[in-house]
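The numbering of the sequence shown is numbering that gives the first Met the number 0, which starts it at 0 and goes up by one.
Input: a single structure, listed below in structure tokens.
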Amino acid sequence: MFWDETHETLPRPDLERLQLQRLQETVRRVFARVPFYQRKFNDLGLTPEAIRSLADLRRLPFTTNADLRANYPAGLLAVPYDQTLRLHTSSGTTGKPKALFFSRQDVNNAAELCARAFIATGVRAGDVFQNMMTYGMFTGALVTHYGAEKVGCLVIPAGPGNSERQVMLMRDFGSTVIHLTPSYALYLATFLEKHGVEPRRDLQLRKAFVGAEPYTEETRRKIEEGLGLDVYNSYGLSEMNGPGVAFECEQKQGMHLWEDHFLVEILDPETDEPVPEGQSGELVLTTLCREAMPLLRYRTRDVTALITAPCACGRTHRRLHRITGRADDMLILRGVNIYPQQIERVLMAQPGIGRNYLIELTGLDEMTVKVELAEAGFGGQVEQLIALQKKLAEKLRAEILCKPTVQLVPPGDLPVSEGKAKRVVDRRQL
Ligand code: DLL
């Protein structure tokens, strides 16, 4: 079943024709209305007429995180201020947030793309959707809220945290679908275990949409086991509407990126050249339908690869591999490049290990990986714990090429996050 079958199954030539038409329109709009892009076009000696084919995308200027901050609050608006309908912000790590405006059409499109995604995972009218993402300036909750309402779900705007209340809501209202971050999902699984709630017996959960931060296949499996449901990966970013940019279908083999709304490039972040088909690189996205704040060639800093093979679900939109990290998440330890995800993969695959971990960088260049034991594992013999610690350190060395100190801590010892988890603390004195 499809939400918007015509668009979701467009034959590639038709899809590409639509993309070109929308790209040309977008380019004309920003050239006419956004001084930032006018300047960039002038510097490149470019006019909208130069964009005659999709290949001409590569002639367009990039837009970066820094450009969004420099144009805060409303420098990138392409509609009059009084035609904007909603504001979201994205905080990032330092300084001013990025301000993202939506017009009426943008608000509607964002919900439409979520509705497409929900139907693709098998959600239907009548499902009860408990939304545990943070409501507020963050796009995560509001954008999906309206998407789920479009589908005809009963939406429970629970927000994150207060797990006792979450379980009460699930029980009382028969929630079938939940939406949350992987770190909160892991925590919730531990909470259920601790309180003797057996999800397959006591709850009606069927599906979870999990996104907003990177996680591994091993983590997906842990969440699925712990919560007794199917996990679908959901990718998005505030600059491109928020959630609903790319979403897994029931096949769970990569996330369909809605290519009638976003043009995708995967570039080598060093050379800015496209990587060979199927290889990993930085995801760069161009909006094709955003009215209030169109963005050309936005550098997401997210590392992924494109899956071009057709999908059994019949959608013609290509898929993104699970995001393997952010170009700026990369740690360099004694000269070796390490993504936190590599560490997570090792930890989550290890029996006896719980669901929460923290990577601490200290001293000159030392790494300590603190990891909680599983409830069942704690209380084991000291010798067993030492052996487990050693085994993990060895496995991590094989994965990241340097040997961290592994510290096993009791379940519940590490800070819990309801929103995006902070997995790396860097206190090095370099
Ligand atoms: O996190 C939007 C979102 C909300 C997506 C809810 C999915 C679910 P931002 O706060 O702007 O927006 O953060 C965007 O989060 O560039 C990625 O680095 C990361 N991210 C989002 N989804 C995933 C995912 C929302 N499924 C940034 N896997 C992005 C890996 C993800 N990373």
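Every residue gets a Cβ at the ideal spot worked out from N, C-alpha and C, and that includes glycine.
With a threshold of 6 Å on Cβ separation, who are the neighbours of residue i within its own chain once the five nearest residues in sequence on each side are excluded?
i, result
"Asp201", "none"
"Leu360", "Met366, Asp425, Arg427"
"Lys149", "Ala110, Ala114"
"Thr285", "Leu262, Leu295, Arg296"
"Glu343", "Thr215"
"Val345", "Lys394, Leu395, Glu398"
"Ile50", "Gln23, Val26"
"Ala291", "Val78, Thr83, Phe100, Phe101, Ser102, Asp105"
"Leu460", "The first residue shown for the chain is 0 and the last is 429, placing residue 460 beyond what the model contains."
"Asp3", "Arg115"
"Ser416", "Ser182"
"Met132", "Gly139, Ala140, His178"
"Val335", "Leu400, Cys401"
Could you tell me how far apart the beta carbons of residue i and residue j are, in whole angstroms, since I believe they sit closer than 8 Å?
i, j, result
"Asp126", "Cys152", "5 Å"
"Leu9", "Thr299", "Rounded, the Cβ-Cβ distance is 24 Å, inconsistent with contact."
"Ile331", "Arg422", "Between Arg422 and Ile331 the Cβ distance is about 16 Å, and since that is not below 8 Å, they are no contact."
"Leu53", "Leu19", "5 Å"
"Arg11", "Leu287", "Arg11 to Leu287, Cβ: 15 Å. No contact."
State the Cα-Cα distance for the pair residue i and residue j, rounded to the nearest angstrom.
i, j, result
"Cys312", "Arg164", "36 Å"
"Ile399", "Lys206", "33 Å"
"Gln252", "His320", "8 Å"
"Phe1", "Val176", "18 Å"
"Pro181", "Tyr80", "36 Å"
"Leu14", "Thr120", "22 Å"
"Gln129", "Lys95", "31 Å"
"Thr25", "Glu258", "15 Å"
"Leu17", "Tyr234", "23 Å"
"Ile265", "Val154", "35 Å"
"Leu75", "Val142", "21 Å"
"Ile352", "Gln388", "10 Å"
"Ala65", "Gly158", "30 Å"
"Phe117", "Gly379", "43 Å"
"Leu226", "Asp412", "21 Å"
"Asp229", "Pro409", "28 Å"
"Arg325", "Ile306", "19 Å"
"Glu432", "Glu269", "The question about residue 432 has no answer here: the residues shown for the chain are numbered 0 through 429."
"Glu217", "Gln349", "9 Å"
"Met167", "Val122", "22 Å"
"Asn161", "Ala420", "16 Å"
"Ile337", "Pro198", "36 Å"
"Ala188", "Val196", "9 Å"
"Leu407", "Leu191", "22 Å"
"Asn232", "Phe208", "6 Å"
"Thr62", "Glu374", "47 Å"
"Val370", "Lys390", "13 Å"
"Lys193", "Arg333", "40 Å"
"Met169", "Pro47", "52 Å"
"Asn108", "Pro339", "33 Å"
Tell me the DSSP bridge mates of residue i?
i, result
"Val283", "Glu264, Arg298"
"Arg247", "Reading off the sequence, residue 247 comes out as Glu, not Arg. According to DSSP, Glu247 bridges with Met254."
"Arg366", "For the record, residue 366 in the displayed sequence is Met; it is not Arg. DSSP lists Leu360 as partners of Met366."
"His87", "Leu99"
"Asp105", "For Asp105, which the question treats as bridged, DSSP gives no partner whatsoever."
"Asn232", "Val209"
"Val423", "Ile358"
"His178", "Asn130, Phe208"
"Gln406", "Lys369"
"Asn336", "Ile331"
"Val154", "Phe128"
"Pro273", "Leu266"
"Arg318", "His255, Ile306"
"Thr62", "Tyr297"
Quick one: does the C-beta of residue i sit closer than 8 Å to a heavy atom of ligand 3?
i, result
"Ser233", "You won't find ligand 3 in this model; what it holds is ligand 1."
Kindly list the residues whose CB is nearer than 8 Å to the CB of residue i, restricted to its own chain and excluding five residues on each side of it in sequence; keep chain order.
i, result
"Val106", "Leu84, Arg85, Tyr145"
"Lys402", "Ala392, Glu393, Leu395, Arg396"
"Thr443", "Nothing about residue 443 can be read from this structure; the chain reaches only from 0 to 429."
"Ala73", "Tyr80, Ala98, Phe100"
"Leu56", "Leu22, Ile50, Leu262, Glu264, Thr285, Arg296"
"Arg317", "His255, Leu256, Glu258, Val263, Leu305, Ile306, Thr307"
"Gly362", "Arg427, Gln428"
CB-CB under 7 Å to residue i, same chain, minus the five flanking residues each way: which ones, in chain order?
i, result
"Ser279", "Val302, Thr303, Ala304, Thr323"
"Gln341", "Glu398, Ile399"
"Ser237", "His87, Ser89, Lys97, Leu99, Thr138"
"Leu43", "Pro60"
"Pro293", "Thr25, Arg28, Val29, Ala77, Thr286"
"Cys248", "Ala119, Thr120, His255, Cys310, Cys312, Arg314"
### Message
Closer than 8 Å is the cut-off here; do at least three beta carbon pairs connect the stretch 384-396 with the stretch 221-228?
### Response
no
### Query
Looking at C-beta atoms only, is the number of pairs between the stretch 232-241 and the stretch 133-145 that lie closer than 8 Å three or more?
Between the stretch 232-241 and the stretch 133-145, the count of C-beta pairs closer than 8 Å reaches three or more; the two stretches touch.
### Query
Between the stretch 19-38 and the stretch 69-89, are three or more C-beta pairs nearer than 8 Å?
A contact exists between the stretch 19-38 and the stretch 69-89.
### Task
Check whether the stretch 35-55 touches the stretch 269-277, taking contact to mean three or more Cβ pairs, one atom from each stretch, closer than 8 Å.
no
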